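In the UniProt record's numbering, the protein residues as written are 1 to 322.
Heads up: the structure comes next, in structure tokens.
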Amino acid sequence: MTSITTTTTTHSTVFLSLLVIFLTTFSSPALAQLSVSFYGSTCPSVFDTVRAATRSAINREARMGASILRLFFHDCFVGGCDGGILLAGGERNAPANGDTVRGFDVIDNIKRQVDAACGRSVVSCADILAISARDSIIELGGQSYSIPLGRRDTRTPNIAAARSDLPAPFDPLNIIINKFSRKGFSAREMVALSGAHTVGLARCSSFKNRIYNETNIDPAFAASRQANCPQTGGDSNLAPLDPQSPNRFGNNYFQALLSRRGLLSSDQVLFNGGSTDSIVRTYSDDADAFSTDFTNAMIKMGNLSPLTGTQGEIRTTCQRVN
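Encoded structure:
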């Protein structure tokens, strides 16, 4: 009996110690204010409203799901998930954004529907974007996950960070790893998040150099892309990031990398004899491992430096401050 009591006490002590370490390491005042039930009394229909509006937008244009997902990533990666990318001018004019980010009118439309359902403007644009990105993943065949809410919208977009922090389609592996590391992501989480390129399209200007000048590319694949991306002109012509299923979420993107059929240079460097080759192989072979890691990384992405409490504002129109 004494042995059992001692063991139980030891286990309890260990559990309490681990709990203290977890709370100390991972808790923060900002995250403590985020909650899945944040709008439980002020706008209980927010999830249903955003889901229906997102589904409608994707039904009108299958590409829109990937565009919303990209908006969310480019928002959170620059100064945190604060709706800064949605403001006209500012962050969206950075080189990594330019005229390649889209879906602003869709988010504005969802915002109007949410405000109508709530009876007033109570849900932030940053939260709407976070929910819509999750719902886009679901609509495209990906895994669902819970989203804590309570983010507020910035009044001041971070233009300098948008110019320096966002990964570019021409970045080498060490630069990409470094950019994600500065946001707290491991190389494995970076590769998992890159798997968002299993959906969506890219402009000719972002992969032209690769299909004409790079050697780590399947010749037949390069030729097929050259047909719609001439050496001169055609910069706005589009090609799927995932050559197999650009509108369905899965691990085909990683299988394409193994065949040297990554569309962007920044895609193929993930499997090019470097430190992330083994991770790409894992995700190529195990769709569940990719789905789980991607979901966890997305949750982590959504918790990057949110504005909470009295910080920022709740915009009535997502593309401009109140």
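The beta carbon of each residue, even a glycine, is placed where N, CA and C say it ideally should be.
Note that the structure is a prediction, hence the values are computed from the model and not measured.
Quick one: Cα of residue i to Cα of residue j, how far?
i           : j    : result
S56         : S146 : 21 angstroms
residue 323 : R92  : Absent from the model: residue 323. The displayed extent of the chain is 1 to 322, so no value can be given.
P240        : A116 : 36 angstroms
N322        : E313 : 8 angstroms
I177        : G273 : 15 angstroms
S284        : D165 : 28 angstroms
E139        : K111 : 19 angstroms
A222        : G234 : 16 angstroms
S206        : G119 : 43 angstroms
F185        : L304 : 11 angstroms
A287        : I107 : 30 angstroms
L86         : R155 : 11 angstroms
P167        : T310 : 31 angstroms
S12         : F254 : Note that S12 scores a pLDDT of 43, beneath 50, so its modelled location is shaky and nothing firm can be said.
P44         : L34  : 15 angstroms
L173        : R225 : 23 angstroms
P306        : V36  : 14 angstroms
In its own chain, which residues sit with a C-beta less than 6 angstroms from the C-beta of residue i, not counting the 5 before and 5 after it?
i    : result
G90  : P157, I159
N237 : C204, N228, C229
M301 : C76
A53  : I110, Q113
N209 : none
A94  : A162, R163
Pull the bridge partners of residue i from the DSSP assignment, please.
i    : result
R203 : L238
S35  : L149
E313 : D153
L307 : R152
Our contact map puts residue i next to residue j with C-beta atoms below 8 angstroms; I'd like the distance itself, whole angstroms only.
i    : j    : result
A130 : R151 : 7 angstroms
I58  : S121 : That pair is no contact at about 25 angstroms.
L270 : V191 : 6 angstroms
A187 : S275 : 7 angstroms
L149 : F249 : Actually they are not in contact, since the Cβ atoms of L149 and F249 sit about 23 angstroms apart, beyond 8 angstroms.
Quick one: residues in its chain with C-beta nearer than 7 angstroms to the C-beta of residue i, no 5 flanking neighbours on either side, listed in chain order?
i    : result
G103 : M64, S67, I68, L71
F47  : I131
Q244 : N252, A256
T42  : C118, V122
Leaving out five residues before and five after residue i in sequence, what residues of the same chain have Cβ atoms less than 8 angstroms from its Cβ?
i    : result
S259 : D218, F221
Count Cβ pairs between the segment 196-203 and the segment 65-72 that sit closer than 8 angstroms; are there 3 or more? yes
Would you call the segment 303-318 and the segment 273-281 in contact, with 3 or more CB pairs under 8 angstroms? no
Is the segment 81-88 touching the segment 118-127, taking contact as three or more C-beta pairs under 8 angstroms? yes
So does the segment 291-298 actually touch the segment 136-145, counting three or more Cβ pairs closer than 8 angstroms? yes
Below 8 angstroms, can you find three or more Cβ-Cβ pairs linking the segment 209-226 to the segment 179-197? no
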